[in-house]
Amino acid sequence: LFKEQIFAGGPVTVTHPDARRWFMTIPEAVSLVIKTTGLSADNGLYMLDMGDPVRIVDFARQMIKFYGYDEESIPITFVGMRPGEKKIERLWSDDETPVDTEHPRIVKITFPSGVQEVVSKIIKELEPVLKLDTEQPGLFRNRHKLRKIINRYFPAVAGPENEPEY
Numbered sequence: 191l192f193k194e195q196i197f198a199g200g201p202v203t204v205t206h207p208d209a210r211r212w213f214m215t216i217p218e219a220v221s222l223v224i225k226t227t228g229l230s231a232d233n234g235l236y237m238l239d240m241g242d243p244v245r246i247v248d249f250a251r252q253m254i255k256f257y258g259y260d261e262e263s264i265p266i267t268f269v270g271m272r273p274g275e276k277k278i279e280r281l282w283s284d285d286e287t288p289v290d291t292e293h294p295r296i297v298k299i300t301f302p303s304g305v306q307e308v309v310s311k312i313i314k315e316l317e318p319v320l321k322l323d324t325e326q327p328g329l330f331r332n333r334h335k336l337r338k339i340i341n342r343y344f345p346a347v348a349g350p351e352n353e354p355e356y
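Heads up: the sequence shown begins at 191 in my numbering, then just goes up one per residue.
Next comes the structure, spelled out in structure tokens:
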């Protein structure tokens, strides 16, 4: 989105001056995901160390500069937080516990009892969207259905109103 806004002459829109997010490169993420497969056979949830969160406004400034512009020619405007959005997203909740693994950049997240059942329910609900089911082929990769399921559990994850099904 920033790239499109920069090439359109701006402004680059940022929700809040203090909004921060975590980033990692694709090779970094792939490497860490592959390494988790060798950590345990219990199908746990693992969290990858993504370093410190980056202020989105700083990231926007870096992109503007990367494409050869400055903030005088491509302004940054703050548009406000969306419902449910946070300045800094938490990586785990108060009732989840990170546990060190053999790998220094990977932790395992442990849950209170009952959470695994909820996660299993969500996965079961997502199955027809993620795997081709010959009895329900219209649900496979159906963005509208996927968004509906995700929004039931994570209301802040919004998509465009006119999003196509495929």
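In this text, a Cβ means the ideal position worked out from N, Cα and C, and glycines have one as well.
In this text, all values refer to a predicted model and were calculated from it rather than measured experimentally.
- Contact check for K193 against I296 fails: the beta carbons are separated by 9 Å or more.
- About 7 Å separates the beta carbon of H293 from that of L229, a gap short enough to meet the 8 Å contact definition.
- For the pair T267 and T215, the CB atoms are not nearer than the 9 Å cut-off.
- In the three-state DSSP reduction, M253 falls in the helix class (H, G or I).
- Each residue's CA atom was taken as its position, placing H206 and V244 some 13 Å apart.
- For V247, the three-state secondary structure derived from DSSP is helix.
- Distance from the Cα of Y343 is smallest, within the candidate group V247, R331, L316 and G328, for L316.
- Assignment of beta-bridge partners to R210 by DSSP yields R245 and I278.
- Annotated three-state conformation of F197 is helix, per DSSP.
- With respect to E279, R211 sits close: the two C-beta atoms are nearer than 9 Å.
- For P288 and G270, the gap between their C-alpha atoms comes out near 31 Å.
- Relative to the Cα of F256, the nearest Cα in the group H334, M237, A346 and F197 belongs to F197.
- Contact annotation: G199 and S263 have beta-carbon atoms nearer than 9 Å.
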